[in-house]
Structure formats: structure tokens, C-alpha cells
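S.K.: When we follow UniProt numbering, the leftmost residue of the sequence shown carries the number 1, and every step to the right adds one.
From the three backbone atoms N, C-alpha and C, an ideal C-beta is built for every residue, glycine too.
Here you go, one structure.
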Amino acid sequence: MSSSWPELTVGSLIECGVITVQKDGNHGSKYPRASEFGDTGVPFLTAKLLDDSGNIDFENAPKLAQEKADKFTFGILQPGDVLLSHNATVGRVAIVPDIKEKVVIGTSLTHYRVDPERLDPRYLAAYMSGRYFQNQLASSMSQTTRNQVPITAQRKLTVILPPIVEQRSIANSLGNLSDKIRVNYRINKTLEEMAQATFKSWFVDFEPVKAKIVARERWQARQSAQQPASPVCYAAELEPESLDPELETRMALAAMQAISGKAEAQLARLQTEHPEHYAELRATADLFPAAMQKSELGEIPEGWRVAPFSDLARLDTTSVKPAQQPEKEWEHYSIPAFDDGQTPAHEFGADIKSNKYKVNRSAVLASKLNPHFPRTWIPLVEDETAAICSTEFMPFVPLEESHRPFVAGMVTSAPFQSGIMMRVTGSTGSRQRAQPKQVAVMDVVTPPTALIAAYSKLADPLMASTARNISQSQTLAKLRDTLLPKLLSGEITVPEVDSQLDEATETAHV
């Protein structure tokens with residue numbers, strides 16, 4: 001990269017005091033044992049807790065016993081430290097926020113602490129996230145058989161060092177862009193959790209059905225107390241059309257509460273203020289039965305069935321040979337691309353040596369490789385004629401395209417993932433694979449079509465919002481990678497960058 005500013009190694013920046021700390025976690029006898037983790041303690045960060053957007057997942061960090069953490073001599077974080085993942089998952093970068101508690105790192109992370117009057121940590125993070133530094137990491141990894149860039153190797157990597165005023169200007173511009181990407185990631189995580197929680201409630205835990213059962217039992221108990229001999233006490237044994245209207249209403253309200261999470265008073269307000277939404281919620285509640293039945297998969301709602309997954313989606317392993325069209329650009333959904341932020345790689349056929357699977361526009365991709373670490377990808381296919389995926393994925397295409405959200409929820413669910421694990425072959429470790437043909441026909445709990453459609457209608461806007469955010473983040477990430485080298489080379493100025501960022505953000509929101 002051509003630049004009028006000095007390009008210095010990490011090692012030289014350490015020697016002159018610009019970088020004051022460059023350490024990973026504690027090794028040897030000080031490295032914590034499994035028995036030293038528990039439900040409470042000091043957050044212990046590893047590479048997998050960093051994402052490609054610069055977020056740090058403190059919430060799911062293992063908790064190390066305080067007594068053990070107090071023995072650490074390094075790897076203790078401070079606000080403003082820059083984290084770099086250097087082992088297994090290499091190249092993820094994040095800035096430690098304004099933490100109030102003690103936090104330590106493991107040996108898969110390096111933390112950089114700098115003199116902020118000479119090196120802006122936000123600039124360093126932006127620089128490390130850029131393509132030029134990432135290429136240095138890749139080159140360093142290529143010189144070893146292990147997927148890592150150790151501390152000593154990192155000291156040979158170079159950093160372009162503009163004057164501190166320029167660093168801060170660059171950090172402000174690119175930092176705003178990175179902030180937007182991080183916000184999109186957090187929004188998507190929330191949207192995915194909402195869809196998964198609803199699927200689990202409806203189709204795994206059967207909460208609306210159980211709510212109806214409890215409501216019926218309570219109603220019957222009250223009726224029995226008032227009229228011990230009344231036949232209405234046996235309403236559960238009557239045909240649905242013979243049910244007491246009050247009982248039907250109580251069961252429907254119970255199911256509506258389970259579906260919406262609203263209290264009865266809130267539902268009453270909803271009926272008054274938004275009657276159309278209330279009617280839609282009531283219609284959904286009416287789709288759930290009020291009893292359970294036995295099945296080979298345990299108790300399931302009455303009227304539902306156990307059927308092969310192939311009744312919902314087909315396994316589509318249509319083979320494609322990209323090398324036969326060497327000049328065509330392909331949208332490649334690979335395992336590394338999934339792990340690198342779920343952004344498909346765009347590669348020419350000449351660079352893709354092996355056969356791939358075609359990716360249908362409505363497909364849901366489930367990894368068969370090492371299913372201990374589930375990977376489910378809902379691709380946003382731009383061009384169906386150019387979309388391909390690794391043969392390590394199982395592409396499932398819904399038989400009814402509009403039911404894609406339900407199929408995605410099914411594949412992501414814990415029971416389905418457990419089913420995949422039961423159909424694994426291969427030795428223990430990272431090379432285990434599920435058997436696609438067995439997964440495709442494994443038995444699943446299947447609700448009536450009307451309920452599948454109702455869930456899909458509810459989840460589809462969440463999936464659409466997620467897709468839009470992914471698309472925007474991809475656009476902004478590409479722009480960030482393009483702008484950084486231009487800024488460092490002097491090809492463009494910070495005001496010009498700010499103008500491009502405003503335009504890109506507005507375009508991405510359209």
C-alpha cells in the first residue's frame with residue numbers, strides 16, 4: 001500500500017512505547033481448568049465471543065473463579081484495549097467498551113493497549129479490520145501448518161501510522177460506519193431470537209396448547225364446585241361444537257396470552273384499540289387444539305402428526321461445476337464464508353476447483369460437517385443461476401415456498417439439531433458428518449398446514465428485516481474496506497469519505 005505516512009512493525013511500535021501492552025492469556029499452570037469455571041465469577045473471553053462486526057459477547061462468556069482470576073499476571077483488560085483473535089478464528093477485532101468489572105482473556109486473543117496520544121485505539125481497530133492488515137494475517141498463517149498467528153509473528157506485521165489528528169479523523173469516519181454494522185448485527189440477533197423463541201413456544205414446548213388445557217381444567221374445577229353433578233363438568237369429552245361458549249373464550253384467551261405474552265387486561269385494550277390485530281390473534285389461537293395425544297416422539301398436540309421431514313422440504317443436491325464456466329462470477333455459500341460473518345464469497349469459476357450444489361432461492365442450508373457446532377444459513381440469493389454452496393451443506397427446499405420461515409425454524413430448533421447429531425458418522429472430532437439422506441427423512445412433529453402458514457406469516461417480516469440488515473452491512477463493510485486504503489494513500493480526504501458514507505447509508509436503507 002502506497003502512503004506518505006510511516007509503515008512500522010508492531011514490534012517497533014512496542015519498542016518506542018506507542019503500543020504499551022501486547023499480550024494474550026495466561027499459559028501453562030496458570031491456564032484455567034474446566035473445574036475452575038462456574039455460574040459466577042470473572043468473564044473469560046475467547047475468540048469465539050468476538051463476531052465479525054466488532055461485538056463482544058460478554059453475556060455468554062464463561063465465568064472464571066475470582067480466586068483463579070486474581071492469580072493472572074496478564075491478559076487483564078481495560079477499556080479501550082483492542083482485541084485481535086489470533087488462534088483458530090483469526091482476524092476478528094473489537095474494542096473493549098467501558099467495562100466496570102474485571103475481565104480476562106484466554107490464549108486465543110491478543111489485547112493491544114496503546115498510548116492514546118500517539119495511536120488512537122479506534123484507528124488501530126479500524127486498521128486491523130481492513131483488508132491490508134487481514135491479508136498480512138493470512139500471509140503469516142500460510143507459513144505455518146496451524147491456523148494461528150502467535151504473539152511473536154504479530155510483531156512482524158506492519159501498521160501505517162498517520163499523525164494523531166489524522167488518525168482520529170479516520171477513526172471517527174470509519175468508526176461511525178462500523179457502529180452501523182454492529183447495530184445491524186445486534187438487531188439481527190434479536191430478530192433471530194424472537195423467531196426462534198416463537199417457534200419453540202408453538203412447536204416444541206406446545207405452550208398455547210398447554211395453556212388451553214390448564215384453562216379448561218380450571219374452568220371445569222369451578223363448574224364442579226358450583227354444580228357437582230352437572231354434565232358440563234365433562235366438557236372435555238364433548239365434541240368441540242358442544243363446548244360451552246364461556247369455556248371456549250377462556251381457552252382462547254389463555255392461548256392468546258401464551259402466543260402474545262400479553263396479560264388479559266392488555267388483550268382487552270388490544271381488542272378495543274386494534275380490533276383487527278385482536279381478531280388475527282384470536283384466529284391464530286383457535287388453530288391450536290386443547291388436548292395432547294401420544295406419538296412415537298412423545299406427547300404431541302391432538303390432531304398433529306409425526307411425519308418425515310421430506311413431507312415439508314426436499315433435499316436438493318443438484319450438482320454444479322463452476323470450473324466449466326471459468327469467467328462467470330459465482331455467489332459461493334461456503335463453510336468459511338458462513339464463519340466469516342455469513343457473507344457469501346464472490347468467486348470466478350476458474351478459482352473454484354470442486355463441484356458444488358445449486359442454491360435455490362427459497363433454500364435453507366444446514367451444515368453436515370461437525371454438527372456439534374450447528375450452522376444454519378438462510379441465504380439471500382441475488383441470482384439463482386449463480387448461487388452455489390459447499391457440498392458440506394445440506395440444501396433443504398420447502399415444498400411450499402411460503403413456508404420457508406417454518407422450515408428454517410424447524411432446522412434451527414433443538415430437536416432437529418439433536419436429530420442431526422444422531423445421524424453422524426466418522427471419528428470424533430472436527431471431521432464428523434451427518435448423513436443428508438437420513439436427515440431428510442427423519443421423523444418430525446408436523447402441525448396442520450394452517451398453523452405452518454400462520455407461523456410463516458409471522459416470521460417472514462423478521463426474516464425480511466434480517467436480510468435487509470445483512471445486505472446493508474455487506475455494503476457498508478465493502479465500502480469500509482475500500483475507503484481505508486484510499487484514506488491512507490491520500491487518494492481521498494476525510495470530508496469526501498463522510499459524504500460517501502452518508503450516501504451509502506441512505507442507499508442501503510432504500
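(1) Over what stretch of residues does the alpha helix (DSSP H) that includes GLY175 continue unbroken?
(2) Which residue comes first and which comes last in the beta strand (DSSP E) that contains residue 513?
(3) Return helix, strand or coil for ARG431, following the three-state DSSP convention.
(4) Can you name the residues that DSSP bridges to PRO398?
(5) Does the count of Cβ pairs from the region 301-318 and the region 337-345 closer than 8 Å reach three?
(6) Which residue's Cα is closest to the Cα of SER471: GLU382, THR318, ALA263?
(7) Mind checking which residues open and close the beta strand (DSSP E) that includes GLU382?
(8) With DSSP as the reference, label VAL103 as helix, strand or coil.
(9) Does the distance from the C-beta atom of VAL42 to that of GLN66 stay below 7 Å?
(10) Tell me whether ILE19 sits in a helix, a strand or coil according to DSSP, three-state version.
(11) What's the C-alpha gap between ARG423 and LYS189?
(12) Spell out the partners DSSP gives LYS358 in its beta bridges.
(13) First and last residue of the alpha helix (DSSP H) that includes ARG375?
(14) What would DSSP say about PRO6, mapped onto helix, strand or coil?
(15) Between LEU13, LEU109, ARG122, which lies nearest to ASN26 when the distance is taken from Cα to Cα?
(16) Could you tell me which residues DSSP puts in a beta bridge with THR446?
(17) If you draw a straight line from the alpha carbon of ALA34 to that of VAL93, how long is it in whole angstroms?
(18) Could you say which of ARG131, TYR123, LEU77, LYS48 lies nearest to HIS111 if we only look at CA atoms?
(19) Would you please state the rounded distance, in angstroms, between the beta carbons of GLY11 and ARG155? I believe it to be under 8 Å.
(20) In whole angstroms, what separates the C-alpha of ASN60 from that of ARG305?
(21) Is TYR112 helix, strand or coil by DSSP?
M.R.: Taking the coordinates as given:
(1) 164-199 is the extent of the alpha helix (DSSP H) around GLY175.
(2) The chain is shown only over 1 to 510; residue 513 falls outside these bounds and no answer can be derived.
(3) In this structure, ARG431 counts as coil in the three-state DSSP scheme.
(4) PRO398 is bridged to ALA313.
(5) Put simply, the region 301-318 does not touch the region 337-345. Fewer than three CB pairs are less than 8 Å apart.
(6) Ranked by Cα distance from SER471, the first of GLU382, THR318, ALA263 is GLU382.
(7) Neither: GLU382 is in no beta strand (DSSP E) and is coded neither H nor E.
(8) Looking at VAL103 - three-state DSSP - the assignment turns out to be coil, as it is neither helix nor strand.
(9) In this structure, VAL42 sits near GLN66, with a CB-CB distance shorter than 7 Å.
(10) Annotated three-state conformation of ILE19 is strand, per DSSP.
(11) For ARG423 and LYS189, the distance between alpha carbons rounds to 29 Å.
(12) Beta bridge pairing from DSSP links LYS358 with ILE388.
(13) Unbroken run through ARG375: none, as it is neither H nor E.
(14) Residue state, collapsed to three classes: coil.
(15) Measuring from the Cα of ASN26, the nearest candidate turns out to be LEU109.
(16) According to the DSSP secondary-structure assignment, THR446 is paired through a beta bridge with ARG305.
(17) Approximately 26 Å between the Cα atoms of the pair.
(18) Taking only the C-alpha atoms, the option nearest HIS111 is LEU77.
(19) Right, their Cβ atoms sit about 4 Å apart.
(20) Going by C-alpha positions, ASN60 is about 36 Å away from ARG305.
(21) Note: TYR112 maps to strand in three-state DSSP.
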